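Have a look at the structure below before the remarks.
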Amino acid sequence: MTYVSVPKEDHDHDEHDHASLSLALPPPSNIPPNAPSKRHRPIMIGALLAITVCLGMAIVILHDIPSVPKSSPPHIHFFCGSTAVEARTAGCQFDLTTFTWVPPACFDEPLMEDFLASRNWTWSLDRAGQFPVNETFARTGDFDQLYTTMRYHVVHCAYAWRKLHRSLFGGDLSGIDGYIASIHHTEHCLGMMLGHGDWDRLPGVGVTKFASCGQGVLQEKSQHGWRIWWLYSTA
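What the sequence shown shows, in full-length UniProt numbering, is residues 1 to 235, in sequence order.
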């Protein structure tokens, strides 16, 4: 920034002008300083009354508003363990729709039964379907994975979203498990639905998972709200 000095004579001239102006002002009257004139007095009284009324209304409104209790931070928890035995001991339930062990608060049994009754689903221990298992065994969750069809996988996605919305519209976020809340699961489902092929002939694999549960699942930074104890490939 550049500063330009003011010539001394100009500065002195300005001070002389201000002095001349102040000297030219008329002498003050005998009215005490800060004394309001009679014509301004009604305006000031009205303003004071308006301020008083506004303050009174504010006090009444604030008094009537119920105090909002401080909510505890959303929490997220895993307590189904990492095996079917641990999950069952902890009181968790196996959701065959999503192949996920979940705490009771996140288990939507009517929705699972609706899914299982929607079609004659099949399960197998192998990709080729030579070692099929019945629904009773599939319901136990005592396995690392089972093979199904790609249609099972796609319909499972629709039911997972339905479960998510049932919890959201019900106003109880504690019923959302970390598996269906994960954005990665949604993106995976979209990829499956947009793919091509015979959904009834293409095999699909369901891997047993142990999902998180609680109101904090939507804020989970990793967005992987489930655990599996081994890596797998469907290739």
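The beta carbon of each residue, even a glycine, is placed where N, CA and C say it ideally should be.
Computed from a predicted model, the values in this text were never measured in an experiment.
Given residue i, which residues of its chain have a CB within under 6 Å of its CB, disregarding the five upstream and five downstream residues?
i    : result
L173 : Q215
G197 : none
C80  : A87, A90, C92, W101, F210
F94  : W101, G141
C189 : C157
S167 : G175, I176
L218 : A181
S212 : I76, F78, G178, G225
For residue i, I'd like the list of residues in its chain whose CB is within less than 7 Å of its CB, leaving aside the five on either flank, ordered along the chain.
i    : result
R127 : Y147, P203
L96  : M112, L116, A138, R139
Y152 : W121, G204
F107 : Q93, D95
G206 : F99, Q145, L146, T148
Kindly indicate which residue of the options has the alpha-carbon position closest to the one of residue i.
i    : options                : result
D200 : L164, W121, A105, G171 : W121
A158 : R119, L125, F115       : F115
G162 : M112, Q145, D142       : Residue identity check: residue 162 is Arg in the sequence provided, not Gly. Of M112, Q145, D142, the residue nearest in Cα terms is M112.
T208 : A90, V102, G91, T89    : V102
Q145 : L190, T98, I183        : T98
V85  : F143, F78, S118        : F143
Residues in the same chain with beta-carbon distance under 8 Å from residue i, minus the five sequence neighbours each way, listed in chain order, please.
i    : result
L164 : I176, I180, A181
S124 : Q130, F131, P132, V133, L146, Y147, T148
Where do the ends of the beta strand (DSSP E) carrying residue i lie?
i    : result
V217 : Run containing V217: none; DSSP gives neither H nor E here.
Identify every residue that forms a DSSP beta bridge with residue i.
i    : result
K209 : T100
### Task
Enumerate, from N- to C-terminal direction, the unbroken alpha helix (DSSP H) stretches of 4 or more residues contained entirely within the segment 109-140.
Counting only runs of 4 or more, we get 109-117, 135-140.
### Query
Taking only runs of the beta strand (DSSP E) that begin and end inside the segment 135-175, which ones reach a length of at least 3 residues, in chain order?
Within the segment 135-175, the complete beta strand (DSSP E) runs of at least 3 residues are 145-149.
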